[in-house]
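Right, one structure below, let's go through it.
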Amino acid sequence: MEEEVTEIKCDRNEIGRFYKAADRPPIALSVLFGFQQVMVCVSALLTIPLILSNELCPGKDLYDIRVKLISSTFVVSGISTIIQTLFGTRLALLQGTAFAYVPSIQVFMQLPDYICNSTEFDYVPPYQYENKMAIIEGCLMASSVIPMVIGLTGVVGVLTKFIGPITVSPLILLLMLSAVDLCVDRIAKHWVAIVQAVALFATILYLADWKIPIVCIRKKKLHIVRTNIFGQYPYLIAILIAWGFCLLLTIFNLTPKNSAARLDKNETVAVIKHAAWFRIPYPGQFGLPRFHMGLFLAFVISALTSVFESVGDYHTAARVSDERSPPSHAINRGIIAEGFGSFLSGIFGPGVGMTTHTENIGVIGVTRVASRFTMVIAGVFLILLGTFTKIGAILATIPDPLVGGVLASSMAMVGGVAIANLQQIDLKLTRNIAILGFSLMVGMIVPAYFKKEPISTGFFIFCIWFNIVGVEILDQVFKVLLTLPMFVGATIACILDNTVPGATREQRGLRSRGLTHILDADAVDTYSFPNFLMKLIHKFPSLNFLPFIPKEKKTTNRISSVVL
Numbered sequence: 003m004e005e006e007v008t009e010i011k012c013d014r015n016e017i018g019r020f021y022k023a024a025d026r027p028p029i030a031l032s033v034l035f036g037f038q039q040v041m042v043c044v045s046a047l048l049t050i051p052l053i054l055s056n057e058l059c060p061g062k063d064l065y066d067i068r069v070k071l072i073s074s075t076f077v078v079s080g081i082s083t084i085i086q087t088l089f090g091t092r093l094a095l096l097q098g099t100a101f102a103y104v105p106s107i108q109v110f111m112q113l114p115d116y117i118c119n120s121t122e123f124d125y126v127p128p129y130q131y132e133n134k135m136a137i138i139e140g141c142l143m144a145s146s147v148i149p150m151v152i153g154l155t156g157v158v159g160v161l162t163k164f165i166g167p168i169t170v171s172p173l174i175l176l177l178m179l180s181a182v183d184l185c186v187d188r189i190a191k192h193w194v195a196i197v198q199a200v201a202l203f204a205t206i207l208y209l210a211d212w213k214i215p216i217v218c219i220r221k222k223k224l225h226i227v228r229t230n231i232f233g234q235y236p237y238l239i240a241i242l243i244a245w246g247f248c249l250l251l252t253i254f255n256l257t258p259k260n261s262a263a264r265l266d267k268n269e270t271v272a273v274i275k276h277a278a279w280f281r282i283p284y285p286g287q288f289g290l291p292r293f294h295m296g297l298f299l300a301f302v303i304s305a306l307t308s309v310f311e312s313v314g315d316y317h318t319a320a321r322v323s324d325e326r327s328p329p330s331h332a333i334n335r336g337i338i339a340e341g342f343g344s345f346l347s348g349i350f351g352p353g354v355g356m357t358t359h360t361e362n363i364g365v366i367g368v369t370r371v372a373s374r375f376t377m378v379i380a381g382v383f384l385i386l387l388g389t390f391t392k393i394g395a396i397l398a399t400i401p402d403p404l405v406g407g408v409l410a411s412s413m414a415m416v417g418g419v420a421i422a423n424l425q426q427i428d429l430k431l432t433r434n435i436a437i438l439g440f441s442l443m444v445g446m447i448v449p450a451y452f453k454k455e456p457i458s459t460g461f462f463i464f465c466i467w468f469n470i471v472g473v474e475i476l477d478q479v480f481k482v483l484l485t486l487p488m489f490v491g492a493t494i495a496c497i498l499d500n501t502v503p504g505a506t507r508e509q510r511g512l513r514s515r516g517l518t519h520i521l522d523a524d525a526v527d528t529y530s531f532p533n534f535l536m537k538l539i540h541k542f543p544s545l546n547f548l549p550f551i552p553k554e555k556k557t558t559n560r561i562s563s564v565v566l
């Protein structure tokens, strides 16, 4: 046996990643990278089906409905991920269920006609919960048209020209801070989260550069290749270690029956038991879509909120992927892709819209693998998990404390990216520091206040509008917006950054007008379509006027310092 040492050159001071968006790792590594992304998101994807199945109040059919929702969620998430990665922003972005829709559904379910009056032991006629689901699907399909129109008309792309690091950094930091309560709630359920935290931070910080010998076959000979497995698969390793630890606690009864660390809880066992080995979600499985004006308007606000968050996610993903900020046409396509994913969600039945999962962006920052190819494989994995529902149900046994640990570590990386993003602006200017601090403080104070105090718009003078939609719906609109830290903080930062004088575009972290991006002869623009598709588009010059079509420019990820 020969020993062959493979060294991977990596300078810690370099921002570059092992694999950028256009790179394609070897197929074996890509499969592992894709599976790692799935393991990080699978618990988050399961959260919405668990919540929605309870809200539908299906009685004895609870677990049957839950399996259908889980299957549909995985399939739609996988399809949306592939569409977003290949045709949307062209960055490695995993699409999953958006939690922003849940409050709207919960409010809707409190209406007298839809309130739940039964338990999981009661018989409920199928038409009752299927009617609720049909209304949710219809309103979701209708509301998903809004982000698609926004992307098709280029509204978001125009707005992004006024959004720089001073706006994006508070948005990302507030996103991290808003996840603190959720992390605490899940981690506090059991101390096993500490095991995962130790394993995760050990692999990320201390073992990332360790070269582990691996036996492989090359040219019909055995070789020993040394590679840094811990640095490339930290989340996968940490999840498997903690999951195995929970399995031991369960087998040897080292934790109480009702413990959050057990893998044999009644609800998880029931899901596995009732899940079919193979199932393909189909349109109309809950009946023909129906419509409800109040829920539709609430979903529109949820969709707009998701759009606003996604713009920040795109910038974050570009940052951790070592790419230039996404141009307007890429952002427009990304929003279109998310809207189309939400439309598919309405057709097949997950019940909520699709959005970018921020925790998976954090994985890119840790592993330095931003390849589109690996994310497409992750999408294929999700589709397979949705069709082979028994396997997906087994993955559902990942305990909540472990989910909280993954979310916390991912948000930590996202917060670090937000801080690193500030190096693009001039922090010596009092103007910039004041805007950053003020937007962060307002972004925390205003949502905290309106979570405790009711919002009443009865004093507004829009009486005609009130007669159409009702004061209660308008109250709900403001409730959603003013309790969202990312919306409040980023809006304040954007307004101040574009109205307060005293700084040049360079000092604000924006690219100067007239600067161009230089593209080498053999380089490829990350945000453009493949060459064959670009050639086809160029045969129809009229398409270049569409705001979501890549323009024929020499662009790259590096900004030229020469003013043209």
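Here the sequence shown is numbered in the numbering used here, starting from 3 and rising by one per residue. Ideal Cβ positions, reconstructed from N, Cα and C, are used throughout, including at glycine. Note that the coordinates shown come from a computational prediction; the quantities given were computed from them, not determined experimentally.
- A Cβ-Cβ separation of about 21 Å leaves I72 out of contact with P105 under the 8 Å criterion.
- Taken through DSSP and simplified to helix, strand or coil, R292 comes out as coil.
- For N260, the closest alpha carbon among the candidates G367, D402, A144 is that of D402.
- If you draw a straight line from the Cα of T99 to the Cα of S411, it comes to about 20 Å.
- M178 and T318 have their alpha carbons spaced roughly 12 Å apart.
- Counting along the chain, M536 sits inside the alpha helix (DSSP H) bounded by residues 533–540.
- Linking L96 to V378 through their CA atoms gives a straight-line distance of about 9 Å.
- Taking M415 as the centre and dropping the five residues before and after it, the same chain places the C-beta of G364, G367, V368 closer than 7 Å to its C-beta, in chain order.
- S145 places its beta carbon less than 7 Å from that of V302.
- Annotation: T121 is outside any beta strand (DSSP E) and is labelled neither H nor E by DSSP.
- Counting C-beta atoms within 10 angstroms of its own C-beta, Q38 has 16 or more neighbours from the protein chains shown and is therefore classed as buried.
- Within its own chain, the residues whose Cβ lies closer than 8 Å to the Cβ of G314, once the five positions on either side in sequence are excluded, are V170, L173, I174, L177, M488, A492, listed in chain order.
- According to the DSSP assignment, Q97 belongs to the beta strand (DSSP E) that extends over 97–99.
- Between the region 316–330 and the region 122–138 there are fewer than three inter-stretch CB-CB distances shorter than 8 Å, so the stretches are not counted as touching.
- Shortest Cα-Cα distance from S308 to any of R92, I148, Y125 involves I148.
- Separation of T49 and N434 (C-alpha to C-alpha, rounded to the nearest whole angstrom) is 39 Å.
- Counting other Cβ atoms within 10 Å of its Cβ, L202 reaches 16 or more and is therefore classed as buried.
- Taken through DSSP and simplified to helix, strand or coil, M415 comes out as helix.
- With fewer than 16 other Cβ atoms inside 10 Å of its own Cβ, A30 counts as exposed.
- For the set V448, D428, I400, I107, the Cα lying nearest the Cα of V44 is the one of I400.
- In the same chain as L47, and ignoring 5 residues on each side of it, the C-beta atoms closer than 7 Å to its own belong to T75, F76, S79, G98, T99, in chain order.
- For T432, there is no enclosing beta strand (DSSP E); the enclosing alpha helix (DSSP H) covers residues 432–454.
- T485 is positioned such that its CB atom lies closer than 7 Å to that of P449.
- Shown here, R228 sits in a strand according to DSSP, grouped into three states.
- Here V354 carries a coil assignment [DSSP, helix/strand/coil].
- Contact annotation: V40 and A380 have beta-carbon atoms nearer than 7 Å.
- Along the region 240–286, the alpha helix (DSSP H) occurs as fully enclosed runs of 4 or more residues at 268–276, listed in sequence order.
- Measuring C-alpha to C-alpha distances from I107 to each of C141, V200, P128 identifies C141 as the nearest.
- Under the 10 Å beta carbon count, N334 is surrounded by 16 or more other beta carbons and is classified as buried.
- One Cα belongs to T91, the other to L224, and the distance between them is close to 42 Å.
- In the displayed model, I216 falls within a strand according to three-state DSSP.
- Boundaries of the alpha helix (DSSP H) around D499: 487–501.
- The way I'd put it, the region 151–164 does touch the region 320–334; three or more beta-carbon pairs between them come closer than 8 Å.
- In this structure, the CA atom of W245 is about 26 Å from the CA atom of S180.
- Y237 sits in a helix when the DSSP states are folded into three classes.
- For E361, the uninterrupted alpha helix (DSSP H) run begins and ends at 360–369, by DSSP.
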